[in-house]
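Enquirer:
Number of protein chains: 2
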Amino acid sequence: MEGVRETAPKTDRCGGCAIRGVAICTSLTEGDRHALRAMGQPRHYGAGDTIFGEDERFGFLANVVSGVVKLSKTLPDGRQQIIGVEFAGDFLGRIYRDRTSFRAEAVTPVHLCCYPRARFEALVAATRGLEERLFRDALDELDSAREWMVLLGRQSAREKVARFLQMIARRNAGGCGPALGARFELPLSRADMADFLGLTVETVSRQMTRLKTEGLIRISNNRIIEVEDVGDLEAAAGGWAA
Amino acid sequence: MEGVRETAPKTDRCGGCAIRGVAICTSLTEGDRHALRAMGQPRHYGAGDTIFGEDERFGFLANVVSGVVKLSKTLPDGRQQIIGVEFAGDFLGRIYRDRTSFRAEAVTPVHLCCYPRARFEALVAATRGLEERLFRDALDELDSAREWMVLLGRQSAREKVARFLQMIARRNAGGCGPALGARFELPLSRADMADFLGLTVETVSRQMTRLKTEGLIRISNNRIIEVEDVGDLEAAAGGWAA
DNA sequence: CGAGTGATTGAACTTCATCAAATAGCGTGG
DNA sequence: CCACGCTATTTGATGAAGTTCAATCACTCG
Chain S
1 MEGVRETAPK TDRCGGCAIR GVAICTSLTE GDRHALRAMG QPRHYGAGDT
51 IFGEDERFGF LANVVSGVVK LSKTLPDGRQ QIIGVEFAGD FLGRIYRDRT
101 SFRAEAVTPV HLCCYPRARF EALVAATRGL EERLFRDALD ELDSAREWMV
151 LLGRQSAREK VARFLQMIAR RNAGGCGPAL GARFELPLSR ADMADFLGLT
201 VETVSRQMTR LKTEGLIRIS NNRIIEVEDV GDLEAAAGGW AA
Chain Z
1 MEGVRETAPK TDRCGGCAIR GVAICTSLTE GDRHALRAMG QPRHYGAGDT
51 IFGEDERFGF LANVVSGVVK LSKTLPDGRQ QIIGVEFAGD FLGRIYRDRT
101 SFRAEAVTPV HLCCYPRARF EALVAATRGL EERLFRDALD ELDSAREWMV
151 LLGRQSAREK VARFLQMIAR RNAGGCGPAL GARFELPLSR ADMADFLGLT
201 VETVSRQMTR LKTEGLIRIS NNRIIEVEDV GDLEAAAGGW AA
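As structure tokens, this is what we get:
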């Protein structure tokens with residue numbers, strides 16, 4: 001686990017927490033929130049660090065406090081597919097099973113709030129709202145996995161790239177999306193985008209420049225994207241409200 | 001809802017139920033099982049019938065008692081992707097949300113045991129084991145959705161078809177798989193296989209005959225498949241225990 | 001037997017992957 | 001500050017995999 005730093009816990013650890021209003025903590029009563037707070041261990045990873053590998057034992061469940069985590073699976077011959085990307089506020093790790101079935105890697109510097117598995121599961125068993133909250137989150141993840149299956153199986157390279165940009169734009173807008181323009185930084189490299197979309201780096205790059213020449217987006221520094229009209233991008237993505 | 005028959009409930013409705021030992025009913029105490037039994041309504045669909053459509057209100061949660069159900073999503077222009085296939089014992093429907101996000105269609109004649117949503121959710125809220133059971137099932141579905149994402153994004157047509165056959169063979173063996181041969185009937189048409197694998201009918205057909213000429217499988221009546229050595233098939237699928 | 005559906009086969013074409021360079025950014029150290 | 005070297009990204013040329021279009025074949029059901 002290269003580069004993992006374990007920050008010393010402060011007295012009031014949640015007071016200034018950036019995700020205090022979104023994460024699972026919001027689904028608890030005051031008392032239970034206290035119990036959760038007591039077991040939370042901050043952990044910190046550098047960009048590129050592996051948080052856990054495929055098929056290994058990982059003793060924690062965690063909240064992503066800041067940064068971006070990519071989840072991926074690898075075929076025996078090395079082909080890779082990213083199966084999910086998690087942002088601040090997302091829950092990381094699989095409850096009820098201590099063996100991982102995919103890899104989690106920090107894409108940017110990442111802060112996690114880690115809960116020891118046994119203690120966390122005990123809290124889930126003792127609490128009412130928490131299990132339901134986690135369940136609902138899992139169902140949402142299932143929905144988005146299924147949407148992604150449509151993308152992977154049935155959409156063209158251009159549509160894939162457009163939809164990816166649209167997804168990031170939406171994430172970035174934080175729900176209250178202004179209908180028209182958007183400007184954001186891509187959290188993933190072209191290679192990661194390719195692994196997420198089931199394409200090659202070259203194809204991703206070509207489609208990006210194509211969207212650029214078509215006037216749908218502007219690109220600065222490879223990572224900064226400006227979208228003229230999110231509606232156009234949505235149309236290029238094959239027409240989905242999602 | 002064409003062709004849906006609602007069978008009159010018998011007095012002891014679960015006594016002879018084929019999935020009594022696998023379905024969610026096994027995760028209940030005697031008393032709760034009684035409550036569940038009281039609300040179960042048998043329903044019956046013919047092959048090709050729509051159970052529910054995309055984005056509509058569906059007032060039931062259900063167990064698949066017999067038959068095969070395909071779950072699919074459709075793009076505005078008609079392209080279709082099958083996102084899951086359910087067999088006897090599987091749970092159908094999304095708890096905590098009464099609006100569907102995919103279509104469910106009977107592929108063979110199907111028997112469901114339907115629970116009215118409101119009453120079922122009340123039972124879930126009142127029971128301890130049931131929510132966890134449903135949660136675990138959802139997590140398993142999430143896992144297989146993610147495995148399928150790898151297939152859709154990163155595997156070749158030959159691998160896709162081989163893996164599909166392997167999956168059906170495994171389902172059919174019911175866990176206690178004999179390592180070597182297998183013989184089974186495909187629940188899906190070539191067109192449905194294509195929609196499941198993100199391919200065209202023609203490509204599926206070509207890969208099937210290819211696997212046949214390679215001696216990995218034998219085909220009778222288009223739907224009956226004999227696998228020589230399941231290990232070979234697994235190798236052709238890109239090498240996965242899964 | 002004939003119609004109709006589902007599956008296979010063939011040929012031309014598209015899209016994306018592959019291989020190979022060239023270019024652009026970025027951080028480092030002089 | 002600039003040159004250097006590294007990596008990420010773009011661009012080009014070619015090829016292969018899979019799609020598309022068009023028939024043909026096979027099986028089932030009247």
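Chains S and Z, in that order, give the protein sequences.
First residue of the first sequence: 1, per the UniProt record's numbering; consecutive thereafter.
First residue of the second sequence: 1, per the UniProt record's numbering; consecutive thereafter.
Note that beta-carbon positions come from the ideal geometry of N, C-alpha and C, so glycine has one too.
Quick one: Cα of glutamine 155 of chain Z to Cα of serine 72 of chain S, how far?
Expert: Using only the alpha carbons, I get a separation of about 15 Å.
Enquirer: Work out the CA separation of histidine 44 of chain S and serine 66 of chain S for me, nearest whole Å.
Expert: Their backbone Cα atoms lie some 10 Å apart in a straight line.
Enquirer: With a threshold of 8 Å between beta carbons, is arginine 79 of chain Z in contact with chain S?
Expert: Chain S contact via Cβ: present.
Enquirer: Could you check where the alpha helix (DSSP H) with threonine 213 of chain Z kicks off and where it finishes?
Expert: Threonine 213 of chain Z -> alpha helix (DSSP H) spans 201 to 213.
Enquirer: Where do the N-terminal and C-terminal ends of the beta strand (DSSP E) with isoleucine 95 of chain S fall, by residue?
Expert: No beta strand (DSSP E) contains isoleucine 95 of chain S, which DSSP labels as neither H nor E.
Enquirer: Using 8 Å as the limit for Cβ to Cβ distance, is arginine 103 of chain Z near chain S?
Expert: Judged by the 8 Å Cβ criterion, arginine 103 of chain Z is not in contact with chain S.
Enquirer: Tell me whether proline 76 of chain S is buried or exposed, calling it buried when 16 or more other Cβ atoms sit within 10 Å of its Cβ.
Expert: By the neighbour-count rule (16 or more Cβ atoms within 10 Å), proline 76 of chain S is not buried but exposed.
Enquirer: Going by DSSP, what residues sit across from arginine 57 of chain Z in a beta bridge?
Expert: DSSP lists Z/Arg99 as partners of arginine 57 of chain Z.
Enquirer: Output the distance between the C-alpha atoms of threonine 127 of chain S and serine 189 of chain Z, rounded to the nearest integer angstrom.
Expert: Spanning the two alpha carbons is a distance of roughly 46 Å.
Enquirer: Work out the CA separation of cysteine 114 of chain S and methionine 1 of chain S for me, nearest whole Å.
Expert: Because methionine 1 of chain S carries a pLDDT of 46, less than 50, the predicted location of this residue cannot be relied on, and the following value inherits that uncertainty. If I take the Cα positions, the gap works out to 15 Å.
Enquirer: Along the chain, where does the alpha helix (DSSP H) containing alanine 236 of chain S start, and where does it finish?
Expert: Looking at the DSSP string, the run of the alpha helix (DSSP H) that includes alanine 236 of chain S is 230 to 236.
Enquirer: Once DSSP output is grouped into helix, strand and coil, what is the label at leucine 112 of chain Z?
Expert: If DSSP states are grouped into helix, strand and coil, leucine 112 of chain Z belongs with the strands.
Enquirer: Check whether the Cβ of alanine 62 of chain S sits closer than 7 Å to any heavy atom of the ligand FMN, and report yes or no.
Expert: Within the structure as shown, the ligand FMN is missing, as the structure has no ligands at all.
Enquirer: Counting only C-beta atoms, is alanine 173 of chain S closer than 8 Å to chain Z at any point?
Expert: No, no contact with chain Z.
Enquirer: With DSSP collapsed to three states, give me the class of phenylalanine 164 of chain Z.
Expert: If DSSP states are grouped into helix, strand and coil, phenylalanine 164 of chain Z belongs with the helices.
Enquirer: Inspect the CB distances between the stretch 31 to 45 of chain Z and the stretch 82 to 95 of chain Z and report whether three or more fall short of 8 Å.
Expert: Because the criterion of three Cβ pairs below 8 Å is not met, the stretch 31 to 45 of chain Z and the stretch 82 to 95 of chain Z do not touch.
Enquirer: Kindly list, in the order they appear in chain Z, the residues whose Cβ is closer than 7 Å to that of glutamate 141 of chain S.
Expert: Residues of chain Z passing the Cβ test: Leu142.
Enquirer: At a Cβ threshold of 8 Å, is phenylalanine 135 of chain S touching chain Z?
Expert: Chain Z contact via Cβ: present.
Enquirer: Using only CA atoms, which one of S/Asn221, S/Gly215, S/Asp49, S/Glu147 lies nearest to glycine 84 of chain Z?
Expert: Closest option to glycine 84 of chain Z, Cα to Cα, is S/Glu147.
Enquirer: If we count the other Cβ atoms within 10 Å of its Cβ and call it buried at 16 or more, is arginine 117 of chain S buried or exposed?
Expert: Buried, by the Cβ-count rule.
Enquirer: Whose Cβ in chain Z lies nearer than 7 Å to the Cβ of glycine 198 of chain S?
Expert: Near glycine 198 of chain S (Cβ distances below 7 Å), the residues of chain Z are Leu152, Gly153, Arg154.
Enquirer: Closest Cβ-Cβ distance between proline 42 of chain S and chain Z: below 8 Å?
Expert: Output row for proline 42 of chain S: interface = no.
Enquirer: Of the residues Z/Leu199, Z/Lys212, Z/Gly239, which one's Cα is nearest the Cα of arginine 79 of chain Z?
Expert: For the residues Z/Leu199, Z/Lys212, Z/Gly239, the minimum Cα distance to arginine 79 of chain Z belongs to Z/Leu199.
Enquirer: Please classify histidine 111 of chain Z: is it buried, with 16 or more other beta-carbons within 10 angstroms of its beta-carbon, or exposed?
Expert: Histidine 111 of chain Z is buried by the Cβ-count criterion.
Enquirer: Under 7 Å Cβ to Cβ from glutamine 81 of chain Z, same chain only, skipping five residues before and after it: list those, please.
Expert: Cβ within range, chain order: Ser72, Lys73, Asp195, Gly198.
Enquirer: Assess contact between the stretch 132 to 139 of chain S and the stretch 132 to 140 of chain Z, defined as three or more Cβ pairs (one per stretch) separated by less than 8 Å. Is contact present?
Expert: Because the criterion of three Cβ pairs below 8 Å is met, the stretch 132 to 139 of chain S and the stretch 132 to 140 of chain Z touch.
Enquirer: On the CB-based measure, 16 or more other CB atoms within 10 Å of its CB, does leucine 165 of chain Z come out buried or exposed?
Expert: Buried, by the Cβ-count rule.
Enquirer: Suppose the cutoff is 7 Å on Cβ atoms and the five residues either side in sequence are ignored; what does the same chain contact list for isoleucine 51 of chain Z look like?
Expert: Cβ neighbours of isoleucine 51 of chain Z beyond the five flanking positions: Tyr45, Val69, Ala104, Glu105, Ala106.
Enquirer: Could you check which residue in S/Glu54, S/Val64, S/Leu123, S/Gly21 has the C-alpha nearest to that of alanine 38 of chain S?
Expert: Checking every option, the nearest Cα to that of alanine 38 of chain S belongs to S/Leu123.
Enquirer: Report yes or no: is there a C-beta of chain Z within less than 8 Å of the C-beta of methionine 193 of chain S?
Expert: It does not; no Cβ of chain Z falls within 8 Å.
Enquirer: In the structure shown, what three-state DSSP assignment does residue 250 of chain Z receive?
Expert: A question about residue 250 of chain Z goes unanswered here, because the residues of chain Z that appear run from 1 up to 242.
Enquirer: Where do the ends of the alpha helix (DSSP H) carrying phenylalanine 196 of chain S lie?
Expert: Element bounds for phenylalanine 196 of chain S: 190 to 197.
Enquirer: Terminal residues of the continuous alpha helix (DSSP H) containing phenylalanine 52 of chain Z?
Expert: Here phenylalanine 52 of chain Z belongs to no alpha helix (DSSP H); instead the beta strand (DSSP E) covers 50 to 52.
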